[in-house]
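Numbering (the numbering used here), first residue to last: 21 to 222. Glycine is no exception: its CB is placed at the ideal position from the N, C-alpha and C atoms.
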Amino acid sequence: MARTLFTARAGGDMKLLPNRELLRNQISLTALHFMRQTHSNIVKVVDETGSDFECDALVTGSTGVGLAALAADCMPITFAANNVIGVAHVGRVGLVNKISINTVLVMRELGAQAITATIGPSICGRCYEVSPAMYLDVITEVPACATSAQAHSLDLQAGVTAQLGECGVSVINLDICTLENRQYYSYRHGGETARQAGIISL
């Protein structure tokens with residue numbers, strides 16, 4: 021059975037190896053893999069030995085191996101199935117590039133059947149205001165992100181829920197906004213630099 025964990029703000033130093041090792045030890049994992057996230061549509065399959073992953077989603081069928089996505093306002097999303105798990109970092113660009121759909125496809129190639137995705141702390145549709153031009157660009161590609169032309173705020177959580185629903189994936193949304201809830205970090209808070217982590221393991 022998969023274990024899922026969403027941390028609160030983990031601090032900018034979560035990029036440092038000693039702190040990642042401390043986290044791995046605290047949650048008793050053989051390995052904990054992070055990504056060099058680039059807002060891509062790239063998914064990589066990992067095992068106990070992998071270490072360098074430039075991508076925005078990881079998938080594994082190995083037990084004791086944790087997969088982690090760091091995020092601030094973007095969505096850390098975990099994916100759990102019978103014998104395969106995944107994690108994805110999904111922001112505005114990744115959503116349009118269908119990184120979550122690609123994650124599901126790779127999981128199914130590895131034998132995943134009933135998949136449940138959990139959307140972790142991320143900025144909500146009330147708070148993610150963008151320029152009118154950017155708003156139109158995104159809702160043209162992912163209509164479910166639309167709120168109103170007056171607000172021109174993007175609802176990324178609704179957008180990814182619609183994408184995953186079309187793939188037959190069940191979605192749990194924790195409905196935690198990183199801007200509204202100060203326990204979590206948002207780029208729009210300014211000042212400090214921090215991240216949340218979404219982690220899943222078998």
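query	result
Exposed unless 16 or more other CB atoms sit within 10 angstroms - verdict on M154	exposed
Straight-line gap, S142 to F73 (C-alpha atoms, nearest Å)	23 Å
Proximity of F26 and G185 at Cβ, strictly below 7 Å	no
Proximity winner among N61, R208 and Y207, relative to N117 (alpha-carbon distances)	N61
R208 (DSSP reduced to helix, strand or coil)	helix
Whole-angstrom distance between F54 and T160, CA atom to CA atom	32 Å
Boundaries of the alpha helix (DSSP H) in which L122 is found, first to last residue	One point to set straight first is that residue 122 is Asn, not Leu, in the sequence displayed. Where N122 is concerned, the enclosing alpha helix (DSSP H) stretches over I119 to E129.
Distance CB(G111)-CB(H172) smaller than 7 Å	no
Range of the contiguous alpha helix (DSSP H) that encloses I184	The question names Ile, but residue 184 is Leu in the sequence shown. It spans L176 to E186 - the alpha helix (DSSP H) in which L184 sits, taken as one unbroken run.
Contact belief for P96 with G210 at Cβ below 8 Å, rounded distance in angstroms	Not a contact, Cβ separation roughly 21 Å.
C-alpha distance - V126 paired with L90, whole-angstrom precision	20 Å
Alpha-carbon to alpha-carbon, P163 and Q203	30 Å
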